[in-house]
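Student: Going by full-length UniProt numbering, the sequence shown opens with residue 1, and the numbers climb by one from there.
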Amino acid sequence: MCDVQTEGGSGPRPKGLRELMTSRGDKYNHHASCTSLYKKPFVESFEETPLLVAVLTYMGYGILTIFGYLRDFLRDWKFEKCHLAREREEQKDFVPLYQDFENFYTRNLYMRIRDNWNRPIHSVPGAKMDLVERVTPDYNWTFEHTGKVLKDVINMGSYNYLGFAENTGTCADAASECTVKYGVGVCSSRQETGNLDKHEELEKLVARFLGVESSMVFGMGFATNSMNIPALMGKGCLILSDELNHASLVLGARLSGATIRVFKHNNMQSLEKLLWDAVVHGQPRTHRPWKKILILVEGIYSMEGSIVRLPEIIALKKKYKAYLYLDEAHSIGALGPRGRGVVDYFGLDPCDIDIMMGTFTKSFGSAGGYIGGKKDLVDYLRLHSHSAVYATSMSPPITQQIITSMKCIMGEDGTTLGELCQLSENTTYFRRRLHEMGFIIYGNNDSPVVPLMLYMPAKIGAFGREMLKRNIGTVVVGFPATPIIESRARFCVSAAHTREMLDTALNAISEVGDLLQLKYSRKNRHGREGTDLFSYLESHQD
Numbered sequence: 001m002c003d004v005q006t007e008g009g010s011g012p013r014p015k016g017l018r019e020l021m022t023s024r025g026d027k028y029n030h031h032a033s034c035t036s037l038y039k040k041p042f043v044e045s046f047e048e049t050p051l052l053v054a055v056l057t058y059m060g061y062g063i064l065t066i067f068g069y070l071r072d073f074l075r076d077w078k079f080e081k082c083h084l085a086r087e088r089e090e091q092k093d094f095v096p097l098y099q100d101f102e103n104f105y106t107r108n109l110y111m112r113i114r115d116n117w118n119r120p121i122h123s124v125p126g127a128k129m130d131l132v133e134r135v136t137p138d139y140n141w142t143f144e145h146t147g148k149v150l151k152d153v154i155n156m157g158s159y160n161y162l163g164f165a166e167n168t169g170t171c172a173d174a175a176s177e178c179t180v181k182y183g184v185g186v187c188s189s190r191q192e193t194g195n196l197d198k199h200e201e202l203e204k205l206v207a208r209f210l211g212v213e214s215s216m217v218f219g220m221g222f223a224t225n226s227m228n229i230p231a232l233m234g235k236g237c238l239i240l241s242d243e244l245n246h247a248s249l250v251l252g253a254r255l256s257g258a259t260i261r262v263f264k265h266n267n268m269q270s271l272e273k274l275l276w277d278a279v280v281h282g283q284p285r286t287h288r289p290w291k292k293i294l295i296l297v298e299g300i301y302s303m304e305g306s307i308v309r310l311p312e313i314i315a316l317k318k319k320y321k322a323y324l325y326l327d328e329a330h331s332i333g334a335l336g337p338r339g340r341g342v343v344d345y346f347g348l349d350p351c352d353i354d355i356m357m358g359t360f361t362k363s364f365g366s367a368g369g370y371i372g373g374k375k376d377l378v379d380y381l382r383l384h385s386h387s388a389v390y391a392t393s394m395s396p397p398i399t400q401q402i403i404t405s406m407k408c409i410m411g412e413d414g415t416t417l418g419e420l421c422q423l424s425e426n427t428t429y430f431r432r433r434l435h436e437m438g439f440i441i442y443g444n445n446d447s448p449v450v451p452l453m454l455y456m457p458a459k460i461g462a463f464g465r466e467m468l469k470r471n472i473g474t475v476v477v478g479f480p481a482t483p484i485i486e487s488r489a490r491f492c493v494s495a496a497h498t499r500e501m502l503d504t505a506l507n508a509i510s511e512v513g514d515l516l517q518l519k520y521s522r523k524n525r526h527g528r529e530g531t532d533l534f535s536y537l538e539s540h541q542d
């Protein structure tokens with residue numbers, strides 16, 4: 001590996017440019033060198049979209065688009081009423097207030113299946129939940145509650161990975177006691193009169209949990225990214241961002257004013273090419289060294305179910321003297337033998353990650369986020385982060401919920417709870433069964449986020465409705481959260497799910513999969529008759 005050093009704190013510069021350029025010829029030969037970085041098999045599945053399915057999906061969107069333009073024509077001539085915000089006639093010469101295509105998509109595609117989202121929940125969103133029944137008199141433009149409640153719906157959509165989102169038990173009792181003592185709101189920022197002893201206790205616990213020098217907590221997970229990245233990066237800095245990073249990371253990068261370059265998802269060759277170009281060529285036009293180069297990645301990608309290739313990224317970070325920002329929103333608590341996230345999962349040193357970020361909204365059944373790292377970094381953010389200076393402090397019962405759940409994971413509460421093992425077992429079982437049924441599912445074998453590919457637009461709404469008929473609550477996802485032809489259902493496995501619940505959900509998924517012809521996979525089709533789309537077509541060929 002070629003050496004790169006920082007000169008005067010102004011950013012990475014090649015120590016030996018000739019050596020670095022010589023290494024370019026063999027820098028893509030990663031396979032042999034990277035296998036030694038992993039202590040166990042790293043298996044991810046991204047089966048290619050079948051050609052016929054892709055063609056039919058494009059045709060489906062094409063037909064919907066044609067009918068959408070037809071309906072817009074009818075609305076313009078007042079034959080059909082449009083309830084969505086549009087530019088008024090007297091504002092036609094103004095700069096457009098609304099984005100045309102996204103409004104078109106919302107009016108004519110999203111509105112047809114809007115009943116699959118924003119369903120009111122009437123209970124704790126644990127392993128099971130109660131949903132408020134609603135109907136629509138105007139094709140999903142508005143909804144009315146019937147007064148009925150759908151009881152004991154199996155919850156396959158919440159990020160309740162370790163089952164702490166409950167209203168009974170140790171965590172709930174501790175949060176209740178904290179509410180009685182401290183109240184619900186703080187009504188001030190940390191820098192004024194909103195700094196509680198509970199906040200400082202939590203920050204010390206988080207630092208110990210992560211294995212870093214110091215940490216800082218924030219009341220909102222989204223703002224932890226969007227408000228702290230601008231405090232760390234600015235003009236003259238370079239951000240290298242994974243193409244599938246969360247919106248909070250994307251917004252934070254844009255707000256920073258730094259130059260942003262995107263690398264292909266989990267593709268180390270693409271990342272190294274950008275690093276090499278950044279170090280060798282520097283900034284555009286002036287060719288000065290970048291002040292800082294920051295790599296932005298996530299632990300588990302929430303729409304793909306994939307796990308970051310952290311050992312390889314750390315190796316590249318060290319090679320090119322870049323900084324690494326790791327978002328562990330979905331991985332903290334859910335991965336690793338001790339629940340310490342993706343760093344623990346790979347058995348790496350936390351000191352190799354410059355900025356460790358995560359949220360308390362998933363595995364901890366609470367709210368907010370954290371930043372962990374060197375004490376100098378955290379002290380700097382306390383003074384310069386907008387989330388620290390201007391935002392209201394974290395609510396005391398929320399803080400206590402995190403403290404109690406984190407101590408449960410660490411085993412410091414005197415119990416020997418098996419949530420981590422149970423989550424791992426449930427994840428392995430659920431993924432294996434879906435593979436065997438013939439569905440195309442994405443992601444890593446150890447990821448509790450399980451995307452099941454639907455592809456076609458008509459099947460997004462149909463899948464969500466049919467699953468709810470069978471008392472299974474699911475999340476279906478389409479554009480703009482995914483590429484327009486990669487619609488999917490996303491399941492989140494929890495340690496709170498019993499084997500009986502998983503079997504009930506799997507049987508319902510299989511039944512709906514046969515009904516909607518969703519079993520597209522050409523792999524692992526054990527014990528299945530020809531009930532998928534391809535088998536149907538093959539059986540009707542001459």
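Here a beta-carbon is modelled for each residue, glycine too, at the ideal position from N, C-alpha and C. Since this is a predicted model, take the numbers as computed values, not measurements.
So, at 6 Å on beta carbons, what are the nonlocal neighbours of R119 in its own chain, with the 5 sequence-adjacent residues on each side left out?
Tutor: L131
Student: Please classify Q91 as buried or exposed, where buried requires at least 16 other C-beta atoms within 10 Å of its C-beta.
Tutor: exposed
Student: Opposite L326 in the DSSP bridges: which residues?
Tutor: V297, M356
Student: Identify whether R528 lies in helix, strand or coil by the three-state DSSP scheme.
Tutor: Since pLDDT at R528 reaches only 47, below the 50 mark, its modelled position is unreliable, and no value is offered.
Student: Run the CB neighbour count on A253, radius 10 Å, all protein chains shown included, and call it buried at 16 or more, exposed below.
Tutor: buried
Student: For T22, is the classification buried or exposed, using 16 other Cβ atoms within 10 angstroms of its Cβ as the cut-off for buried?
Tutor: Per-residue confidence for T22 stands at a pLDDT of 41, beneath the threshold of 50, marking its modelled position as unreliable; the derived number appears in the next sentence. With fewer than 16 Cβ atoms within 10 Å of its Cβ, T22 is classed as exposed.
Student: Once DSSP output is grouped into helix, strand and coil, what is the label at A489?
Tutor: strand
Student: Is there contact between the region 352 to 364 and the region 186 to 193, where contact requires at least three CB pairs shorter than 8 Å?
Tutor: no
Student: Are the CB atoms of T361 and G219 nearer to each other than 7 Å?
Tutor: No.
Student: Name the DSSP bridge partner or partners of Y370?
Tutor: Y370 is bridged to V217, G358.
Student: On the CB-based measure, 16 or more other CB atoms within 10 Å of its CB, does G464 come out buried or exposed?
Tutor: buried
Student: Compute the distance between the beta-carbons of P448 and V493, then report whether it is under 7 Å.
Tutor: yes
Student: Count the CB pairs spanning the region 244 to 259 and the region 395 to 412 that are closer than 8 Å, and state whether there are at least three.
Tutor: no
Student: Alpha carbon to alpha carbon, how far is T498 from E89?
Tutor: So the two alpha carbons sit approximately 57 Å from each other.
Student: Around the C-beta of S36, are 16 or more other C-beta atoms found within 10 angstroms, so that it is buried, or is it exposed?
Tutor: exposed
Student: Sorted by chain position, which residues of the same chain lie with C-beta nearer than 8 Å to K39's C-beta, five sequence neighbours on each side aside?
Tutor: F346, G347
Student: Out of D379, L202, S158, T482, state which residue places its alpha-carbon closest to the alpha-carbon of I460.
Tutor: Considering only alpha carbons, the answer is T482.
Student: Can you name the start and end residues of the alpha helix (DSSP H) that P457 belongs to?
Tutor: Note, P457: alpha helix (DSSP H), 457 to 469.
Student: Thinking just about the alpha-carbon of each residue, which of E203, A223, F209, N225 is nearest to the one in M216?
Tutor: E203
Student: Candidates D327, R433, E213: which alpha carbon is nearest D379's?
Tutor: E213
Student: Between the C-alpha atoms of L316 and R309, what's the straight-line distance to the nearest angstrom?
Tutor: 11 Å
Student: I'd like to know if the region 322 to 334 and the region 284 to 303 are in contact, where contact means that at least 3 CB-CB pairs between them fall below 8 Å.
Tutor: yes
Student: Beta-carbon separation of A278 and L324 under 7 Å?
Tutor: no
Student: Starting from the Cα of L210, find the closest Cα among R338, P284, R431 and give me that residue.
Tutor: With respect to the C-alpha of L210, the residue from R338, P284, R431 having the closest C-alpha is R338.
Student: Excluding the 5 residues preceding and the 5 following T179 in the sequence, name in chain order all residues of the same chain whose CB lies nearer than 6 Å to its CB.
Tutor: Non-local C-beta neighbours of T179 in its own chain, meaning closer than 6 Å and more than five positions away in sequence, comprise P397, ordered along the chain.
Student: Determine the burial state of E87: buried for a count of at least 16 other Cβ atoms within 10 Å of its Cβ, exposed for fewer.
Tutor: exposed
Student: Secondary structure at S188, three-state DSSP: helix, strand or coil?
Tutor: Coil.
Student: Give the DSSP bridge partners of S494, in chain order.
Tutor: Residue pairing for S494: DSSP places it in no beta bridge.
Student: Please check the pair T474 and G157, which I expect to be a contact at CB under 8 Å, by giving their CB distance rounded to whole angstroms.
Tutor: Yes, they are in contact, since the Cβ atoms of T474 and G157 sit about 6 Å apart, within 8 Å.
Student: Short of 7 Å in beta carbon distance, which residues of its chain neighbour R71, apart from the five on each side in sequence? Order them along the chain.
Tutor: E80, N108
Student: Under DSSP, the alpha helix (DSSP H) around V378 begins and ends at which residues?
Tutor: 375 to 384
Student: Using DSSP's beta-bridge definition, name the partner residues of D242.
Tutor: F263
Student: Could you tell me which of S521, G443, K318 sits nearest to S306, measuring between CA atoms?
Tutor: G443
Student: Take D344 and list the residues in its own chain whose beta-carbon comes closer than 6 Å to its own, dropping the five residues that flank it on each side.
Tutor: G336, R338, listed in sequence order.
Student: For E274 versus A495, is the C-beta distance shorter than 7 Å?
Tutor: It should be pointed out that residue 274 corresponds to Leu in this sequence rather than to Glu. In this structure, L274 lies away from A495, with their beta-carbon atoms at least 7 Å apart.
Student: Less than 7 Å between the C-beta atoms of A174 and Q400, yes or no?
Tutor: A contact, by the Cβ cut-off of 7 Å.
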